[in-house]
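Trainee: I have a structure I would like to understand better, so I am pasting it below and will then ask my questions one at a time.
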Amino acid sequence: MGLKPQDYRTQLWIDWCPGCGNFGILSSLTLALSELSIDPKKLVLVSGIGCSGKIFQYVNVPGVHNLHGRSIPFATGIKLSNPELTVIVHGGDGDLLGIGAGHFVALGRRNVDVTVILHDNRVYGLTKGQASPTLPYGVKTKALTHPNIHYAVNPIALALASGYTFVARSYALEAKHLKEVIKRAVQHKGSAFVDVLQPCPTFNDVHTPEYYKRITYYLDERDWDPLVRNPDEREAEEKLLKAFKLALEEERLALGVFYQNPHVPTFEERLAERFKTYPRASPATSPIGRESRTLLTPETFQKVFRDYIVETLQGY
Amino acid sequence: MGLKPQDYRTQLWIDWCPGCGNFGILSSLTLALSELSIDPKKLVLVSGIGCSGKIFQYVNVPGVHNLHGRSIPFATGIKLSNPELTVIVHGGDGDLLGIGAGHFVALGRRNVDVTVILHDNRVYGLTKGQASPTLPYGVKTKALTHPNIHYAVNPIALALASGYTFVARSYALEAKHLKEVIKRAVQHKGSAFVDVLQPCPTFNDVHTPEYYKRITYYLDERDWDPLVRNPDEREAEEKLLKAFKLALEEERLALGVFYQNPHVPTFEERLAERFKTYPRASPATSPIGRESRTLLTPETFQKVFRDYIVETLQGY
Amino acid sequence: MDEASCLLGGFQGSGVETSMMVLVKALAHAGYSVLAQREYYSNITGRHSYILMRICSSREARSLSYPVHLIAALDSETVFTHAFELTEGGLLVLDRDLFPRKLREVASMEEQLRERLERRLASLGVGDDIESLVEHLASHAGVKVVAFSYRSILSSVGEKRRIPPTQVNRYLSSIIFSAVASLISLKPLYVEQALRSHFKGREELVANNMAVFEEVSARVREAKASLELEQPKLKWERLLVASGNDAVAMGKVAGGLRFQSYYPITPAADESLFLERLSYDESTESLLGPLLVLQVEDEIAAVASAIGAALAGVRSSTTTSGPGFDLMVEGLSYAGMNEVPIVVTYYQRGGPSTGQPTRGSQSDLFNAIFAGHGEFSRVVISSGDHLEAFYDAAEAFNIAEKYQVPVIHLLDKFLANSVTTMPFPDLDKIKVERGNVVAGGEGYKRFSLEALVPPRAFLGDAIFWHTGDEHDEYGRITEDPENREKMYRRRIEKMQLIRDELPRERKLTVQGGSDSNLLLIGWGSVKGVALDALEALEKEGVRGAYVNLKLLWPFPGEEVKKLLSSAEDVIAIEHSYGALVGKLISMELGVKVEKSVVKYTGRPITFDELQPALKKILSGVEKRVVLKHGA
Amino acid sequence: MDEASCLLGGFQGSGVETSMMVLVKALAHAGYSVLAQREYYSNITGRHSYILMRICSSREARSLSYPVHLIAALDSETVFTHAFELTEGGLLVLDRDLFPRKLREVASMEEQLRERLERRLASLGVGDDIESLVEHLASHAGVKVVAFSYRSILSSVGEKRRIPPTQVNRYLSSIIFSAVASLISLKPLYVEQALRSHFKGREELVANNMAVFEEVSARVREAKASLELEQPKLKWERLLVASGNDAVAMGKVAGGLRFQSYYPITPAADESLFLERLSYDESTESLLGPLLVLQVEDEIAAVASAIGAALAGVRSSTTTSGPGFDLMVEGLSYAGMNEVPIVVTYYQRGGPSTGQPTRGSQSDLFNAIFAGHGEFSRVVISSGDHLEAFYDAAEAFNIAEKYQVPVIHLLDKFLANSVTTMPFPDLDKIKVERGNVVAGGEGYKRFSLEALVPPRAFLGDAIFWHTGDEHDEYGRITEDPENREKMYRRRIEKMQLIRDELPRERKLTVQGGSDSNLLLIGWGSVKGVALDALEALEKEGVRGAYVNLKLLWPFPGEEVKKLLSSAEDVIAIEHSYGALVGKLISMELGVKVEKSVVKYTGRPITFDELQPALKKILSGVEKRVVLKHGA
Ligand SMILES: Cc1ncc(C[n+]2csc(CCOP(=O)(O)OP(=O)(O)O)c2C)c(N)n1
Ligand SMILES: Cc1ncc(C[n+]2csc(CCOP(=O)(O)OP(=O)(O)O)c2C)c(N)n1
Ligand code: SF4
Ligand code: SF4
Ligand SMILES: [Mg+2]
Ligand SMILES: [Mg+2]
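Chains as they are written, first to last, in numbering that gives the first Met the number 0: chain Z, 0 to 315; chain C, 0 to 315; chain U, 0 to 630; chain D, 0 to 630.
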């Protein structure tokens, strides 16, 4: 379709702080969309509440900015109703792994074909810098009155344990890497998760670009092969375990795809096994009435609800 | 104290179905309590909504039967307010890993010293047998109209990924094993999780006692050592990984302790580092008033809120 | 008699419900009208459960009555619990083998009831075993006892039909429907058809059950017992036997439902079970298209995914009860803010909190109307009976889509879990009106300020935005105060539009002498019993009307005001403590409704207690009567 | 003048808030009374934010006014947005370097406002740059312009104080408080003390800021500008400078708070931040004991853990706003069912849904009162100002514990985010009354039916049970209908007890001529502006009273009825569309409140608009006035 990255941008002024990692995520996203040549109308960007969530109005595609923590079920309802749409979720660490952690785990069990992009700044940005679930223990970022008393959740490990079939980590300021990872995530058939390390210069004065520069490294896919190549449980398990081990590494943070298993049927595929016509005829694309009248005629009514119909046999 | 198991039982008639695995859990629990000689008054049994949750009234200790899915935050509020209490959570798979999954993950980050016992019958018992989050894909238990379209969550893997410092699996009908595991879980300092495989003869006609007999085996702790013996990150990581690998095994289900790390400070211990007097003086054990009056005198008020006090300097 | 009340009882899991279904279907085949309600504990096996049933020969069964003319008991708890509630001369069918059972041996009985019964038996000087009780009833209350050994029936059937001894017990509950059918002298053909329909043609089961029926019929004949119920005079050819859950599910399908999300909860889950059963049915799919029923991780996800589906252009719905609804409130507020047409089917049960999960109430009226932060348009409707529930479930989507608002269809356990013989709906009445739907296009404004109901495009058709933040016409966040004022006002003023446009019959129906001084007012499942009570009062010379409020919000103030203005006695009837509907009227009209009949035991208001309560109020003895009857 | 209105503006993150805090403290040192409100976007950096402030010499500042006498602007957006809102002859302090800036270059300005301003400038024939605008104001509105180069101030201060050039910009916002302080001729000592208190003795910062102050003072002197505000005549020695969030937090501590759970949300989070700061403070701990402040994973966990803490015998609380409250509703219903004393501090913001997260409203009244399934006792209280908020926050625990009910303390953003000079509270008024607390013991019945408020033991002291299911006196599940009726009734009848026992001053306060025909009625943050409007009306010969409703639920019907009965004009005032308090009165008293002044732009009702609105109503021109003023 030949749309350029900027064609995927709206003209709104962006109200993130100067130097915010969200700018990087936004630009990698639009780059990826343009390279994927996605029809903007057929994409839905679902985002939660937080600085991260505001991305919805900077991208020139249908946007569903919803409730804090609820993007995943919103996305699930959209995608299953209309599987023609490409659905991408953007959310913060509080959004997806704090208040939304239950949905995060549930999506893993479904493997709905959506992409989840975590803006991982380790703080609650929009509420002025409280500790988020990914902030490590003992760290005192700017707005905290005391060092963090909670341990951090490990997003990659949690995604792997929950059943995501594509799990990756990237970094907001590595535009090209992030763009590639997003492309692969969107192209992946199934629930894809990308943990994007994101500097928040305003509140996270510990995990700065310098910090990430120091601590991150790229996975070299010449000796790191995250892809499950055969529909073989053993291979899947082995690669999952390796990914998990890598996820536990905290001294240095690997960037790249940790795990990808394209052989697990998506929810849509499993639905298609049951509905003869899905996804061709989906809830969104099948008629629901005939000229303002119900599709049910008295005859079809009797067929569909046959189990509930009783004829009076009086006289027999 | 010499209380017998039956001293931990109330006299109420139990309304579980005949043959229900919950009977086994109840009796192993009271056995464990009696062997641990826990003062009944100082124990709190927190349970969710479900057949499993009804256990609260069959145990003769203070019981807090709360909301579906919310036992963990209830338990957290209780335990942190009064760390003298031993707190045990009982919940179903829907309760703890469906609606309650967000709290389940959050507890892992806190390592509050409570024990979580999952009654894992793979169905929603009390609502008449729908698929629970632990029911494997493609299985059609009695009340389902169609085989399960969801994949199962792996409770052990999820607990490990979430940061529980004690993770075990047992089986409702192996009274002795379960009792031992519960004892170890309760004695463990930190968040302990026990996945109890539980037959539900009424609704789960697939995962029957015969099935579990076939599929389970005991971990032999002569060659399986789940305990992290030194406060050493490497050992912890290695044992965690091994536990995770074991958790992925689905052809046979291991019974026993998967992982135990006593070196992670509990939330209470981390609080104690900050409060000089905690847990000796806890919220529940420190006075809040003097003879129906506030503890604050005008003098202490001025000390405590010094930052907000302004003297008029008129005349200076 | 041209109507009879029956009670079938046994422990939960012993087949009482199956018995009910077979019996209702058999009675329907015969042409009777039936209303049957399940009363059960929040328990899977073992606690006492029973069916309260009204069977009518010449009019619609629309209320229940307790005491009953006939009890068919599977166990001793049924006998102890209900035996005193037999009408003078009533029939008691029970297992002779239970005779020695003592009250204190009924482990599953709750303490409070046991104590009450112990006191009662003691004060009557009756022994605490079944036999003594039965004898007492026979001699003092004219009860006709039909006792035979259930075991002997089963063993003889087992032998005849070569059923393995381990399996023959499955037919225990067949004894009770057989007994009732026999006592009413239902033709075997009706019973057989009912069994065939219930067991979906599994002939082995049908035949075994018929064998039980024959055996039991013989015992009943031996006992020379019968319930003198007149032959049915109703003129139906074909009807539906459905619960309220079923009726709603059928209505939703008729209304074009394509996406239903749910998290299991009593008494809502059966509706989704119905839809799930249907959803992968090939014939349904080929006739109607795909119907996606999604069990989700919690009610928050239920409402969120339903909203997502609605944004994709799908008629979507979710179904729940009080605890689940509480969790949906934030989502509801989002739907209000984004003008998303979703339908939330809300089955009330006993609250607060987990409350009485399997008992009924109407105590959530204000939760349905007022829960949710911020002001936004929503519609709350209710249904007076199964047929209304069917139509309303379908129409809910039209209201939701035409006005782009969340619609709450407020029902309750009494309706949800009662099964009735329901007339065939008139499908011509079911419209599918989608309102202001557009294709989008350049410069499309989803939230245009030009009309109260803005043009709606679906995801996939156009580029536009949604946000729970205050937004401009395109759906982008803005905090501008002028935009705020206009957008906020437009969203709320839809309420007036709805009030103006909805036809009167969607707002309320009035039955009875509308010229009379007495006005009963209620909503939902109160309707049937209120109408029956009115009919009975009329026989005593008191004329009155019942206002069945169907549109609860926006409140149909004009219409209600007119009705109230001409009435002298206005009595609110509700399954609650507060007679909330009266407070709603007061809020909207500034007129206090001072008189009420309420019930909050979790059991339905029955005919036998409502009529006297109304009389007490009419005579000026009381302003508020609290009903307490029922086990 | 004995009072002045000022506006301090700049982009979010540029230090406007710090400026406000320093200025308010300095003014307090001088003895002025101040009320200052922050108006800001849901944004961290870049969007326009401003402080609206009223400074009074001889009476309590209790309402805001817009137009203002003085604007001190950090950026061009402030000038464009507010310049037309200067009073005739007002003062405008701005950066001379901004003069060439054009309206269309202000990227952060919202489209709608820009368009309005463009139209306005065009219609006035004024160029769209700052300089033209300023000239226009000076010549047409008598505005006194104080313009100097902020950059030059900073560089000179930077040089003098040897501040590295990269850091000197931090002092930009000091210019505006300095300008205001200079224009009011505050003594440098007051400013210095304020800085010292704000920067907690970091002397370097204090000195740098003082250097800015001196520079700015010099420019102000050069400009011969001043705000002719009278010297303060108020007689305070010591007072608190606190926001509503702060006042509540202090009140909770005074009331014995031991456990606070929260999930961050605007405008509630600052209260928990206050408590967190305090909670690990050694002196606090040694004086008061441990105060556990727990940030949890969501609001469901917040309410659940607070309930858990309360069961353990702790005074516990959680704090939230609309979206979070929605998620707490199921927990609230549990607390009602189990008679758990918890306090939920509910700060309203603009709804529905995410709404206007940083703007104010009072639109959640019905959510607070009615949300939750099932009927149960709860108490909803509100506070008219900061001092009330302090006392109420403490007293909420007494009400909760004495009646064993959840208490909702309903506040709003206007109060939460406004800072005021608050009188020192009288600690003798703070009681700690724990109600019917017992040790338990053999046969202990937590839910005894003997009195309306049952004996309460704490976890750890006795063996007893809690369940959200209906329960017996011991707390064990029972579905017995008789127990149900009694237990349900007892729980609800507590409401009457609360109504009977609470003293009148906890229910409402009346200020003004209570013998007059005019009755204004409102709650929460309406109080100050209503009283000021009444005072102004009185000067015009209209006498009236303001009813500040403090107990919203149970509704103090008797008291309100009496007040209403003698009034001719009753006007409800509220930050909402629906004037919900009027509907509440209607529901409870059966009397419609037909007149109202409402505002739902998210901005506070200001003095300048309320008085004319009231006059419009009193003259019979309108029954309902919708206020819209404010940027
Ligand atoms: C139910 C609910 N609770 C709380 C909030 C307040 N809130 C807004 S954004 C946010 C967290 C933001 O943190 P995160 O998700 O990490 O996103 P970030 O701003 O860091 O991108 C919170 C708690 C809300 N909007 N809704
Ligand atoms: C908020 C809410 N939603 C739904 C329910 C209904 N409900 C009661 S028990 C239950 C699930 C029970 O399943 P599980 O947790 O596995 O426990 P089990 O009965 O199998 O022991 C549900 C969904 C509820 N009580 N509250
Ligand atoms: S607060 Fe942090 S995450 Fe939010 S916009 Fe600013 S820099 Fe970005
Ligand atoms: S339904 Fe299953 S889990 Fe529940 S009591 Fe019966 S057997 Fe046990
Ligand atoms: Mg974040
Ligand atoms: Mg279960």
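Cβ atoms here follow ideal geometry from the backbone N, Cα and C, with glycine treated the same way.
With three or more beta-carbon pairs closer than 8 angstroms as the criterion, would you say the region 438 to 446 of chain U touches the region 584 to 592 of chain U?
Mentor: Contact fails: fewer than three Cβ-Cβ distances are below 8 angstroms.
Trainee: Does the distance from the C-beta atom of U/LEU239 to that of U/MET421 stay below 8 angstroms?
Mentor: Yes, they are a contact pair.
Trainee: For the putative contact between U/TYR599 and U/SER575, defined by C-beta atoms under 8 angstroms, what is the C-beta separation to the nearest angstrom?
Mentor: Right, the Cβ-Cβ distance comes to about 6 angstroms (below 8 angstroms), so this counts as a contact.
Trainee: Between U/ASP468 and ligand 5, is there a pair consisting of the residue's CB and a ligand heavy atom that are separated by less than 7 angstroms?
Mentor: No, since every heavy atom of ligand 5 falls outside the 7 angstroms radius drawn around the Cβ of U/ASP468.
Trainee: So, at 6 angstroms on beta carbons, what are the nonlocal neighbours of U/LEU326 in its own chain, with the 5 sequence-adjacent residues on each side left out?
Mentor: Cβ within range, chain order: GLU298, ILE299.
Trainee: With distances taken Cα to Cα, identify the nearest neighbour of C/LEU177 among C/HIS67, C/HIS102, C/PHE192.
Mentor: When each option's Cα is compared against that of C/LEU177, the closest is C/PHE192.
Trainee: What three-state label does DSSP hand D/ARG61 in the structure shown?
Mentor: Coil at D/ARG61, not helix or strand.
Trainee: Can you name, in chain order, every residue of its own chain whose Cβ lies under 7 angstroms from the Cβ of D/ASN482, other than the five neighbours on each side?
Mentor: Around D/ASN482: ASP471.
Trainee: Using C-beta distances below 8 angstroms, list every residue in its chain close to U/GLY647, excluding the 5 sequence neighbours before and after it, in chain order.
Mentor: Beyond the ends of chain U as shown, which are 0 and 630, falls residue 647 of chain U; an answer cannot be given.
Trainee: Give the DSSP-derived three-state secondary structure of U/GLU84 in the structure shown.
Mentor: It is helical.
Trainee: Grouping DSSP H, G and I as helix and E and B as strand, with all else coil, what is D/LEU518?
Mentor: Residue state, collapsed to three classes: strand.
Trainee: Whole angstroms is fine: what's the gap from D/PRO164's alpha carbon to D/SER154's?
Mentor: Looking at the two C-alpha atoms, the distance is approximately 8 angstroms.
Trainee: Which one or two residues does DSSP pair with U/MET421 in a beta bridge?
Mentor: In the DSSP output, where bridge partners are listed per residue, U/MET421 has U/LEU239.
Trainee: What are the complete beta strand (DSSP E) segments, minimum 3 residues, inside the region 144 to 191 of chain Z?
Mentor: Correct list: 165 to 170.
Trainee: Name the DSSP bridge partner or partners of U/CYS55?
Mentor: Answer is U/GLU2, U/SER32, bridged to U/CYS55.
Trainee: Considering only the alpha carbon of each residue, which of C/LYS40, C/GLU179, C/ILE148, C/ALA151 lies closest to C/LEU28?
Mentor: When each option's Cα is compared against that of C/LEU28, the closest is C/GLU179.
Trainee: For D/SER320, tell me which candidate among D/GLY354, D/ALA308, D/GLY288 has the shortest Cα-Cα distance.
Mentor: Cα-wise, what sits closest to D/SER320 is D/GLY354.
Trainee: Please state if the CB of D/HIS408 and the CB of D/ALA395 are separated by a distance shorter than 8 angstroms.
Mentor: For D/ALA395 and D/HIS408, yes; Cβs fall inside 8 angstroms.
Trainee: When the Cα atoms are used, what is the spatial distance from D/ALA137 to D/ILE183?
Mentor: Cα-Cα distance, rounded: 20 angstroms.
Trainee: Rounded to whole angstroms, how far is the Cβ of D/SER381 from the Cβ of D/LEU609, which I believe are closer than 8 angstroms?
Mentor: At roughly 19 angstroms, the Cβ-Cβ gap does not stay under 8 angstroms, so D/SER381 and D/LEU609 are not in contact.
Trainee: Between Z/TYR258 and chain C, is any beta-carbon pair separated by less than 8 angstroms?
Mentor: Chain C contact via Cβ: absent.
Trainee: Give me whichever residues DSSP pairs with U/ILE570 in a beta bridge.
Mentor: DSSP output for U/ILE570 lists U/LEU519, U/LYS594 as bridge partner(s).
Trainee: Kindly list, in the order they appear in chain Z, the residues whose Cβ is closer than 7 angstroms to that of D/PRO263.
Mentor: Simply TYR123, THR126, GLN129.
Trainee: Could you list the residues in the region 225 to 251 of chain Z with a C-beta less than 8 angstroms from some C-beta on chain C, going in chain order?
Mentor: The region 225 to 251 of chain Z vs chain C, Cβ under 8 angstroms: GLU236, LEU239, LEU240, PHE243, LYS244, LEU247.
Trainee: Less than 7 angstroms separating the Cβ of D/GLU329 from some heavy atom of ligand 2?
Mentor: D/GLU329 Cβ: within cutoff of ligand 2.
Trainee: Just grab the DSSP bridge partners of U/HIS48 for me.
Mentor: First, the residue type needs correcting, since residue 48 of chain U is Ser and not His in the sequence shown. According to DSSP, which records beta bridges pairwise, U/SER48 is partnered with U/GLY9.
Trainee: Using 8 angstroms as the cut-off, can you tell me whether the region 290 to 305 of chain C makes contact with the region 214 to 225 of chain D, which would need three or more C-beta pairs spanning the two stretches below that distance?
Mentor: Taking 8 angstroms as the limit for Cβ pairs, the verdict is that the region 214 to 225 of chain D does not touch the region 290 to 305 of chain C.
Trainee: Going by alpha carbons, who is nearest to Z/LYS212 out of Z/PRO198, Z/ARG221, Z/ASP222?
Mentor: Taking only the C-alpha atoms, the option nearest Z/LYS212 is Z/PRO198.
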